[in-house]
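Note sheet for the following structure.
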Amino acid sequence: MSNRHQIYLIPGFFGFAALGGISYFRQVRETLTDVFVRRGEEVEIIGVKTFPTASLRHRARKLIMTVADNGGFEEGVHLHFVGHSTGALDARLAASPDAHLDLDEYREALYCNLETIVSISGPHYGTPVANFFSTLYGKNLLYLVTLLIIVGLWRRPVSLLGGLLGLVTKVNDLLGLDETLIRQVTNQLLKDFNPSVEAEVRQFLRSIIEDQGSMIQLTPEGMDLFNTTTIDNPEVRYVSYATAAPPPTQVIKKIRLRHALTPLNKILYGLLWTLASRAHAGYPYHPPIQSEDLIKKRPLPFVVTESTSDGVVPTLSQIWGEFRGVVRADHLDVIGHYLRGPFDVRDGADWFGSGAKFDRESFEWLWEDIASVMLESV
């Protein structure tokens, strides 16, 4: 008789379960399902519709309520939380015995059923990117970067580049967007979307403006406090995967002008990578990795240091619990956003333009390994 598994996919702070037909975890559900079915296991996979930049407490409560709404606390259910980026922290907080989430009625069932927490690219020791996003300029840039990612995932390169450069001509304008300019940029970039998708995207963007509570919490200083007060559940298996992408100096040398979006996505990657590289001496990450065995699939053409990141989160900040290794990928590659076209096209370009050269083989290896971890935990 097969076991009954429920897997909850928890998005990060750019995150949405699905938005206008785009899945945050692209092809992840299908890949995990295939592994479980091949091994004769019953599985249900649920995407958590969390609040993108809200506080970790709000996000963790949303996770627990999603489990309750989907029957995850019923007897005999094996629960697995898979968190990408901030989603990994939601999972840790929800599972912590000392967390005060005002949902005590679910605590016993959660601790009884929860088997595994898998962290992918999680900022367990914080990210300096959050320090910048917490500033006045940074809040505007967070909105803009999120908008660009959404439009880029919809593969609208001409509208994206032409619209943005037509409205924003100086770096100062990019960082100091006033409401009028923000509205103009948004209108320009969403003009090719159908009305229903446009409305959904605008609502998502509004939620980012209205609640950015997680930004200060995701700083290295904020995560120092989080780690002090959020203890691991001894009954749960904690597993982490880290991601690392090349420094932008390597990427910029390879810029190709044949695609209208290429220069812009590489510039954005370079900006975010540079912000993430600014390690705080007073709040160190996990100690450097020594064993080459932990570099998974493809070797890294660079040494992992405290400055190494996936473009958003420092690589050494992503290590928590049982560490499964470093994957050569940027922050969005590992959740399936690495091709500019159908999933089975191998010569596409990832949206961030990181130069990590993440491919389908690496994607399938990663998610099959994650599935194996969850099955081993039962």
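Residue numbering for the sequence shown follows this note's numbering, starting at 376 and increasing by one per position.
Each residue gets a CB set at the ideal place from its N, CA and C atoms; glycine is no exception.
Note that the structure is a prediction, hence the values are computed from the model and not measured.
- Boundaries cannot be given for ILE606, as no beta strand (DSSP E) includes it and DSSP labels it neither H nor E.
- With distances taken between CA atoms, SER589 lies nearest to PRO427 out of VAL753, PRO427 and GLY422.
- Within its own chain, the residues whose Cβ lies closer than 6 Å to the Cβ of ILE495, once the five positions on either side in sequence are excluded, are HIS459, TYR616 and VAL709, listed in chain order.
- Between the segment 377–392 and the segment 444–457, the count of C-beta pairs closer than 8 Å reaches three or more; the two stretches touch.
- Residue GLY387 holds the alpha-carbon nearest to the alpha-carbon of VAL423 among GLY387, THR502 and PRO503.
- With a 10 Å radius around the Cβ and a threshold of 16 neighbouring Cβ atoms, ARG467 comes out buried.
- In the displayed model, GLU575 falls within a helix according to three-state DSSP.
- Under DSSP, ALA617 shares a beta bridge with VAL701.
- Restricting attention to VAL572, GLU596 and LEU750, the CA atom closest to the CA of PHE507 is found in GLU596.
- Its Cα nearest to that of ILE420, the residue VAL403 stands out among TRP740, ARG436 and VAL403.
- The residue from GLU416, PRO689 and LYS641 with its alpha-carbon nearest to that of TYR658 is PRO689.
- For TYR383, DSSP records a beta bridge to ILE421 and PHE456.
- Comparing alpha-carbon positions, the option among ILE492, ALA469 and VAL493 lying closest to GLU483 turns out to be ALA469.
- Judged by beta-carbon spacing, ILE492 lies within the 9 Å limit of ALA463, meaning their Cβ atoms are closer than that value.
- A buried status is given to GLY447, since no fewer than 16 other beta-carbon atoms sit within 10 Å of its beta-carbon.
- Within its own chain, the residues whose Cβ lies closer than 7 Å to the Cβ of ASP685, once the five positions on either side in sequence are excluded, are SER496, THR618, ALA619, ALA620, ALA704, ASP705 and HIS706, listed in chain order.
- Under the three-state reduction of DSSP output, GLU681 falls in the coil class, being neither helix nor strand.
- DSSP, read as helix, strand or coil, puts SER496 in coil.
- Put simply, the backbone Cα of GLU585 is about 39 Å away from that of PHE411.
- Note on geometry: alpha-carbon atoms of THR510 and ASP479 lie some 35 Å from one another.
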